[in-house]
Amino acid sequence: MSELLSVAVGGLMLSLFLGLLRVLRGPEAGDRMLATQLIGTAGVGLLLLLSVLPEQQALIDVALILALLAAVAAAAFTGQQRERRDD
Amino acid sequence: MLTAQLLYGLTGCLIVALGLRTVLLHASLLHRVVAINVLGAGVFMILVAIAYRGPGVPPDPIPHALVLTGIVVAVSATALALALARRLTAEQSND
Amino acid sequence: MNTTGLLVFDGLLLISIVSLAWSALASPDARRSVILFMAFGLVLAVAWGRLLAPDVALAEAAIGAGLSGALLLVAVGEQSNRALQDNALRVSERNALRVRATLQWVITILCVALAATLAWALVHALDRATNERLAQVVSENLAASGVSNPVTAILLNFRAYDTLLELAVLLTAVLGILALGTARPDYQRTGPVFDGLARWLVPVLILTAGYLLWVGAHAPGGAFQAGATLAAAAVVLRLAGERSIGLPQAGALRVILAAGVGMFLVIGLTLLLLGRPFLGYPPAWAGSLILLIESAAMLAIAATLVLAFLGGRPPAIAVNEENNRC
Amino acid sequence: MTELVSSLMIVAGIGFYLAGSIGLLRLPDLYSRLHALTKADNLGLGLLAAGLALHSQDLLMALKLLLVWLAVLAASAASAHLIARHAHRQEAGS
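These protein sequences, in sequence, are chains L, P, B and R.
Residue numbering for the first sequence follows this note's numbering, starting at 1 and increasing by one per position.
Residue numbering for the second sequence follows this note's numbering, starting at 1 and increasing by one per position.
Residue numbering for the third sequence follows this note's numbering, starting at 1 and increasing by one per position.
Residue numbering for the fourth sequence follows this note's numbering, starting at 1 and increasing by one per position.
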């Protein structure tokens, strides 16, 4: 099982790395934000895999927070402010 | 000394230097705020690396508590800096 | 996992971290730089998990990757709206601040020297026989602290002074924000998908905040992570175009902002009156007192972060101030 | 037997992750990248979480893993839509 987990961690790290290339390359802000979401999902996966290690169950909580707050960041990216009327 | 401690610690030093350079050289206020946050992350990385004791060994909790405090202070300082920058822009466009 | 595998993993993680930091700093466009910084925070959270620092990972996931990113993105959005109007201002500012090439080189060299000094100090610090005395003292006294998570024990009991002053720093920051201006304009309603997201995300965030506050006593978690998660719930409501986001009215808001410091002081002074040292909890009560302080601190931290996101006085307070000024 | 199923699920999950990342990197524009990414990644994480839940043999852990997966599923579906609409509006606006 432990070899399998190593392979899985390696595969996810590779996935994260590919996402990184898209974050760096862009070209639009939307592309980068999308790739950031991928890094988030890969990060969640990595944390879940690491949580199997002894005494590291708390990493599941970290994965949950990462998933929830990534949605908040995406929402902040797209939110549109009302036009100011008084200016 | 563990390899992981050294790897993460030295990366932390590198990030501190990168962040500091941008803080000193970049013109835009927002970039500087981002750079201070990056600099802080480098410091946190050095501290967490020092706390690490190898796989399966409980790490030293004291640097972790320091970093936790640091993260919260960093976000409040960021918020204050952004409020200052916003006021500055408002004052400048009023002139 | 074997040693070589771990080394490759560390290497890839660190390359990702450094390249994200580098490109966030080097990017000429502020919005791009903020998005790269958010990705940087996400990868950092994984690194903290890898270094067996789940408390730090939680805070990084909630604050570094989430709330800081949201704060910066909103600031960028506002600035780029303004920049379209007065581009000339920006150009003049840029010329004024453009640094000469020689100076750039000097600063770069000094930064390299700083990195080298830090690295030298780090290697020496790691090289010496690790001085474990403090960590030992923590684990020996953990049983008397009222909680079983050592990080919470340090923050809320052994070094409670530091946390009290940290909350005072937060209070100072939020007073600064309140003094500097009024809140940003509201957000537009953005349609059913966003509303649907807010409808489940907000309650889940609030529940998670409660869970983190509770679990902090014996596992990673605590007031800071819980406060940030609670603030995120209000931020989502605001982004969804809600006008009321759960912030209380002016008077109550001020009480909540001061609640963290206030609860600390009330408990510390009461203990002084009872003849104990300032913040020296009696072991039998320590657990409950810590939970009480943490609950107050969570509300104060959440309110502070929400006001930070608003960027200034919320409308109700703003009206008061205008009346005073007239 | 459970071990084997769990391992297969984890490997399959990683496969989907990689497929999603390659799609993100290789496809020509934002909308098609979106399509590659969200479906593949969520399925990958689901398989991974299911495999780990089987592996842990602990009901509480399994429930938490399920919760994480559901959160990612709902969050990424919504945020992918929001990002796409944002990009669409930017294009229409400019």
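Using N, Cα and C, we set each Cβ at its ideal position, and we do this for glycine too.
Counting only residues of its own chain and dropping the five nearest sequence neighbours on each side, B:L71 has a CB closer than 8 Å to the CB of A308, F309.
Taking C-beta atoms as the reference points, L:G30 and B:L239 fail to come closer than 9 Å. For R:L52, the enclosing alpha helix (DSSP H) has its first and last residue at 30-56. If you check the CB distance, L:A70 and R:S76 come in under 9 Å.
For the pair L:V72 and R:A84, the Cα-to-Cα distance works out to about 16 Å. Non-local beta-carbon contacts of L:A42 in its own chain, meaning distances under 7 Å to residues more than five positions away in sequence, involve L12, S15, L16, G19 in chain order.
Burial state of B:A198 is buried, judged by a 10 Å Cβ sphere holding 16 or more other Cβ atoms. Using a Cβ-Cβ cut-off of 9 Å, L:Q56 does not count as an interface residue toward chain R, since no Cβ of chain R sits closer than that to its own.
The Cβ atoms of R:V11 and L:L4 lie closer than 9 Å to each other. B:R313 sits in a strand when the DSSP states are folded into three classes.
Inclusion of B:V56 and P:I71 in the CB contact set at 9 Å is warranted, their separation being smaller than that value. Note on geometry: alpha-carbon atoms of B:G176 and B:G262 lie some 19 Å from one another.
In this structure, the CA atom of B:L299 is about 33 Å from the CA atom of R:L45. Residue-level contact check: L:S51 touches chain R, since one or more beta carbons of chain R fall below 9 Å from its beta carbon. Segment contact: the stretch 11-30 of chain P against the stretch 13-27 of chain B, three or more CB-CB distances shorter than 8 Å; contact assigned. Between the stretch 3-11 of chain B and the stretch 187-196 of chain B, the count of Cβ pairs shorter than 8 Å is below three; the stretches do not touch.
Within chain L, A76 have C-beta atoms less than 7 Å from the C-beta of B:V74, given in sequence order.
The way I'd put it, the stretch 292-306 of chain B does touch the stretch 221-229 of chain B; three or more beta-carbon pairs between them come closer than 8 Å.
Note that the stretch 201-217 of chain B touches the stretch 55-67 of chain L; at least 3 beta-carbon pairs, one per stretch, sit closer than 8 Å. Interface criterion not met: the Cβ of R:L45 is under 9 Å from no Cβ in chain B. Our two residues, L:L47 and B:L272, have alpha carbons roughly 44 Å apart in a direct line.
Here the stretch 43-59 of chain R makes contact with the stretch 15-25 of chain R; the two share three or more CB pairs at distances below 8 Å. Contact note: R:A71 reaches chain B through V204, using a C-beta cutoff of 8 Å and chain order.
B:L36 is positioned such that its CB atom lies no closer than 9 Å to that of L:L66.
Spanning the alpha carbons of B:L274 and B:N141 requires a straight line of approximately 23 Å. For R:Q57, no Cβ of chain L is located within less than 9 Å of the residue's own Cβ.
At least one CB atom of chain R sits nearer than 9 Å to the CB of L:L34.
At least one C-beta of chain L is nearer than 9 Å to the C-beta of B:L36. Looking only at B:V76, B:G146, B:I256, the smallest Cα-Cα distance to B:P283 is reached by B:G146.
No residue range can be given for B:E60, since it is assigned to no alpha helix (DSSP H) and is classified by DSSP as neither H nor E.
With 16 or more other Cβ atoms inside 10 Å of its own Cβ, B:A232 counts as buried. CA-to-CA, the gap between L:L53 and B:G66 works out to about 26 Å. Collapsing the DSSP output to three states places B:Y161 in a helix.
If the five residues before and after B:G221 are omitted, its C-beta is found closer than 6 Å to the C-beta atoms of L212, V215, all from its own chain and listed in chain order. Contact between L:A8 and L:L38 is ruled out by a C-beta separation of about 17 Å, above the 8 Å threshold. Excluding its 5 nearest sequence neighbours in each direction, L:V62 has C-beta neighbours in its own chain below 7 Å: L47, listed in chain order.
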